[in-house]
Structures are given as C-alpha cells and as structure tokens.
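The structure appears right after this line, and notes come after that.
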Amino acid sequence: MGTVLLSVRDCSFGYKGGDFRLRDVSLDVSRGEVLGIIGPNGSGKSTLLRLMGGFQRPDGGEVSLQGAPIRSFSRRELARDLAFLPQNPETSFRFSVRQVVAMGRYPYLGSFAFLNRHDVEVVERALSETESAALGERSFFTLSGGEKQRVLIASVLAQEPSVMLLDEPTAALDIHHRCEVLGLLRGLSRKGIAVVVVTHDLNAASQFCNRLVLLAEGSVVRRGAPREVMDRELLSRAYRADVRVARNPITGAPMAVVLGEGSDEAG
Ligand SMILES: Nc1ncnc2c1ncn2[C@@H]1O[C@H](COP(=O)(O)OP(=O)(O)OP(=O)(O)O)[C@@H](O)[C@H]1O
Ligand SMILES: [Mg+2]
56 MGTVLLSVRD
66 CSFGYKGGDF
76 RLRDVSLDVS
86 RGEVLGIIGP
96 NGSGKSTLLR
106 LMGGFQRPDG
116 GEVSLQGAPI
126 RSFSRRELAR
136 DLAFLPQNPE
146 TSFRFSVRQV
156 VAMGRYPYLG
166 SFAFLNRHDV
176 EVVERALSET
186 ESAALGERSF
196 FTLSGGEKQR
206 VLIASVLAQE
216 PSVMLLDEPT
226 AALDIHHRCE
236 VLGLLRGLSR
246 KGIAVVVVTH
256 DLNAASQFCN
266 RLVLLAEGSV
276 VRRGAPREVM
286 DRELLSRAYR
296 ADVRVARNPI
306 TGAPMAVVLG
316 EGSDEAG
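Residue numbers for the sequence shown follow the numbering used here, beginning at 56 and rising by one.
Next comes the structure, spelled out in structure tokens:
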C-alpha cells in the first residue's frame with residue numbers, strides 16, 4: 056500500500072447536548088486504496104467522514120492530511136486536495152448540470168473565476184466519466200435522484216483531489232451506474248488517489264474496497280481486508296440481524312446474506 060494521505064489519530068467527538076460519541080477512532084487512508092466504512096444506522100459513519108473532511112473538529116485527537124493537521128488548512132486549500140460528497144447534499148440549485156460540475160473547479164480559480172482550457176477539459180471529462188455528458192444543459196433540479204447523484208460525483212471528480220470522501224455515493228444508482236461509479240473509483244485509486252466510501256451495500260463494499268472499517272455505536276469494531284470484516288458473528292451483532300456470510304460464486308468475494316422473517320431459510 057502507498058503513502059498515508061489522511062490519518063485519523065485517537066479521535067473522539069460528541070454533539071452538543073447529544074448522547075452519541077465517536078470513541079477513540081484511529082485509521083489511516085493510503086494512496087492507492089479504496090477504504091469502505093460500514094455499520095448500522097446511527098453508528099457514526101457520516102460523523103467520522105465529516106471529521107475526516109475537516110467539517111467537524113474532534114474533541115480529542117487529530118486528523119491530518121499529508122502529515123499536516125487538517126485544521127491548519129483554509130477551506131479552499133483543503134479543497135484542492137480533498138473532496139467531500141455529503142450524504143444529503145443540497146440538490147435544489149437552479150444551475151445547469153455543467154455549472155454544477157464546474158463548481159468542482161472553484162478551489163483552483165483565480166479572483167475572476169474564469170475557467171481556463173484545462174478547467175473546461177476536466178469538467179467535460181468528469182461529465183463523460185459519470186455518463187452525464189448528455190445531461191450537461193439540463194437544469195440540475197429537474198434531474199432524477201440517480202442522475203443528480205452522478206452529477207455530484209462528477210463535480211467531486213472535477214476537483215481532482217488526492218483524497219475523496221464519499222457518503223453513500225451509490226445509494227440512488229441502478230446496478231449499471233453503481234458498477235460504473237465503483238469501477239471508476241477503483242480506477243482512480245489505482246492512479247494514486249485515496250478513496251473513502253461510506254455504504255450500506257455490504258456486498259459492493261466487499262467486492263470493491265481494499266479494506267473495510269466496521270463501526271458500531273461510535274467505535275471501530277473491526278478493520279481489515281473484506282474477508283476479515285465480513286464475518287457472520289461480527290455483522291450479526293453489529294446489525295442486530297441474522298447475517299450469514301458466503302462466498303460469491305462468481306467473484307469469490309465474501310457475500311453477506313440476511314436471513315429473517317419471510318426468507319426461506321436454507322439453514
Ligand atoms: N448534528 C447533530 N446533532 C446531534 N446529534 C447528531 C447530529 N448528527 C448526527 N447525530 C447523531 O449522531 C449519531 C451518528 O450519526 P451519523 O449520521 O454519523 O450516523 P451514520 O452511521 O452515518 O448513520 P446512517 O447510516 O443512518 O447514515 C446518530 O445517533 C445521530 O442521531
Ligand atoms: Mg450517514
């Protein structure tokens with residue numbers, strides 16, 4: 056694995072007036088990897104991702120980007136290196152799709168905010184890589200949920216970051232686009248960027264991520280290769296569900312199957 060780009064050291068965090076606490080989380084994200092963060096609703100995945108993106112300050116511990124504390128960067132400096140796609144982004148802007156993607160270039164623009172030839176090329180490439188080029192002139196707010204999600208991913212790509220933090224980026228995508236986006240992220244990681252994805256799609260995580268982190272109630276309960284984290288007992292306890300782990304007969308990746316009322320249990 057490559058150089059560590061983003062590092063979380065002994066971070067704790069609690070919301071004012073709330074009970075939830077993220078407890079002593081440490082993890083490194085390296086060049087060339089896709090790290091998946093999984094865990095049940097409310098386990099702290101989005102909170103951790105916001106901490107990693109410098110949007111929330113830990114009460115204790117430190118997040119650093121390429122060795123420097125993340126709080127020492129201005130938002131604009133940070134945005135040249137780190138891109139963040141929130142779980143529930145603002146999706147009502149009355150801009151064209153191309154304008155929304157061009158916003159990804161903001162951290163690079165001079166005071167007159169003109170896009171130069173390189174900026175335009177990057178925007179067009181991001182549109183085509185997410186199969187959104189045909190939507191370019193559409194008004195963003197008129198798009199379907201999955202189309203919006205692809206355009207927002209394009210806007211993150213246009214930022215040309217070295218670290219990408221994506222909160223459930225494929226939640227609204229159909230199987231074709233989910234596969235394309237995950238393949239794209241995997242390809243970018245191979246070119247040397249670090250990708251962190253939060254997802255509820257355990258099987259996609261198992262197939263596409265190099266490493267997984269399982270969170271439960273604000274703590275990391277396990278981290279490691281998918282085969283180490285995709286464990287029957289561990290997942291069943293974390294998700295409070297009867298989870299069985301099999302091997303995907305086609306890809307060989309560990310595959311979670313949830314049994315429950317209504318399923319024809321094979322035993
Ligand atoms: N702004 C906030 N103020 C107070 N509590 C919050 C705030 N944001 C989140 N929480 C609480 O912190 C806990 C962790 O939330 P978080 O959004 O990190 O969970 P998550 O793992 O991303 O869940 P999900 O899978 O539902 O997206 C939850 O109990 C949530 O209610
Ligand atoms: Mg979340």
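Every residue, glycine too, gets a C-beta built ideally from N, C-alpha and C. Quick caveat: nothing in here was measured; it's all calculated off a predicted structure.
If you keep only unbroken alpha helix (DSSP H) runs of at least 4 residues inside the region 244–317, you get 257–263, 281–284 and 287–294.
Nearest in C-alpha terms to R299, of all of A209, V284 and E202, is V284. Nearest Cα to R131 within the set V118, G108 and E145: G108. F150 places its beta carbon less than 9 Å from that of F195. Taking 8 Å as the cut-off, the C-beta of Q111 does not count as close to any heavy atom of ligand 2. R172 and E179 have their C-alpha atoms some 11 Å from each other. Here N258 has N303, A308, M310 and A311 as same chain residues with Cβ atoms under 8 Å from its own Cβ, once five neighbours each way along the sequence are excluded. Taking all protein chains shown into account, D256 has 16 or more neighbouring C-beta atoms within 10 Å of its C-beta and is therefore buried. Rounded to the nearest whole angstrom, the C-alpha separation of P281 and G191 is 37 Å.
Bridge partners of P124 according to DSSP: S119. In the structure shown, D65 adopts extended strand secondary structure according to DSSP, grouped into three states.
Per the Cβ contact rule, the region 104–124 is in contact with the region 211–222 (3 or more Cβ pairs under 8 Å).
Closest in C-alpha terms to L60, from the list L103, L137 and K71, comes L137. In the structure shown, the three-state DSSP call for G91 is strand.
Ranked by Cα distance from E186, the first of T225, R205, L269 and Y70 is R205. Listed in chain order, the beta strand (DSSP E) runs fully inside the region 178–241 are 218–222, counting runs of at least 3 residues. Around the beta carbon of I93, a 10 Å sphere encloses 16 or more other beta carbons of the protein chains shown; the residue is thus reported as buried.
Between T102 and F68, the C-beta spacing is below 9 Å. Taking a contact as a CB-CB distance under 8 Å, the pair G57 and G247 counts as one, their CB atoms being some 7 Å apart. The residue from S210, K203, V253 and R295 with its alpha-carbon nearest to that of D229 is K203. Per DSSP, reduced to three states, the secondary structure at A138 is strand.
Any heavy atom of ligand 2 counts here; residues with a Cβ closer than 7 Å to one of them, in chain order, are K100, S101, Q142, D222, E223 and V253.
A straight-line Cα-Cα distance of about 30 Å links V252 and A168.
Straight through space, the alpha carbons of R266 and V177 are spaced by roughly 29 Å. Apart from sequence neighbours up to five positions away, the residues of its chain that approach V236 with a beta-carbon distance below 8 Å are T185, R205, I208, P224, T225 and L228, ordered along the chain. Here the alpha carbons of L314 and G97 stand approximately 22 Å from one another. Secondary structure of R76 (DSSP, three-state): strand.
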